[in-house]
Structures are given as structure tokens and as C-alpha cells.
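Each remark here refers to the structure printed beneath this line.
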Amino acid sequence: MPDEKDAATVIIKNLGRVVAEIRTAKGVSQTSLAKIMGIPVQQISGIETGTGNPTLRSITAFAVALEVEVIDLLKKPTGGKSKLGPGRKKKALG
């Protein structure tokens, strides 16, 4: 069984991959998402690459900005085939 640090690292990396999958599935650039969220694009990049350490508040902000549920961000990545679910079709955010 992985230790707590290893488990957290996996969750953070998966979260970043899922954010990127959902963002790209919705046709939103990192720059556009950063503007919607009011944060630097470097923070978006850091989360997506797994080098950032997101707080619960920032995870919630990503969910709101991407128009998904928080739980959707905590699922395993699909390898680029985002399953947006019912009512979560590709659309312009904002």
C-alpha cells in the first residue's frame, strides 16, 4: 500500500490530467480558463502538470469554472477521452 505522500501525489497528478481533459474537451485554452477564474495561467499549468498543490477552494473553483461537479475532477483520467456526462456537453464557458 502506498504511503500518504505517494497517494497524495497520485491524486494531484490525476486531478491535473482530468482538469486538462475536461478543459480541452470543452474547447477552452489555459489562458481563457485563467481569465474566467481570475488566476495566472501559470497556476492552471501547474495544476495540470501536477506540480501545483491545489487547495479544496481551488479544486472547487476549477469545478465551477469548468461547469462540472468537484467529484468529476477527482475521477481517474480517461486518457484524453473526457466523459462530460449528461448535460455537460462541450460549450463555451463564461
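One gets our numbering by counting positions in the sequence shown from 1 and adding 1 to each. Just so it is clear, CB atoms sit at the ideal spot from N, CA and C, and this is done for glycine as well.
Handout entry: Coil, strand or helix - residue 84 by DSSP
Key = For residue 84, the predicted model reports a pLDDT of 49, less than 50, meaning its position is unreliable; a value from the coordinates is still stated below. The answer is coil: DSSP assigns residue 84 none of H, G, I, E or B.
| message | According to DSSP, is residue 15 part of a helix, a strand, or is it coil? | response | For residue 15, the three-state secondary structure derived from DSSP is helix.
Contact between the region 11 to 31 and the region 47 to 59 is defined here as three or more beta-carbon pairs at a separation below 8 Å; is this criterion met?
yes
Distance between residue 7 and residue 59 (C-alpha atoms, nearest Å): If you take the alpha carbons of residue 59 and residue 7, they lie about 21 Å apart.
What number of angstroms, rounded off, separates the C-alpha of residue 71 from the C-alpha of residue 16?
10 Å
So what does DSSP say about residue 73, is it helix, strand or coil? helix
| said: Output needed for residue 78: all residues of its chain with C-beta closer than 8 Å, excluding positions within five of it in sequence on either side, in chain order. | reply: 15, 18, 19, 22
- prompt: How about residue 66 and residue 40: are their beta carbons less than 7 Å apart?
  reply: no
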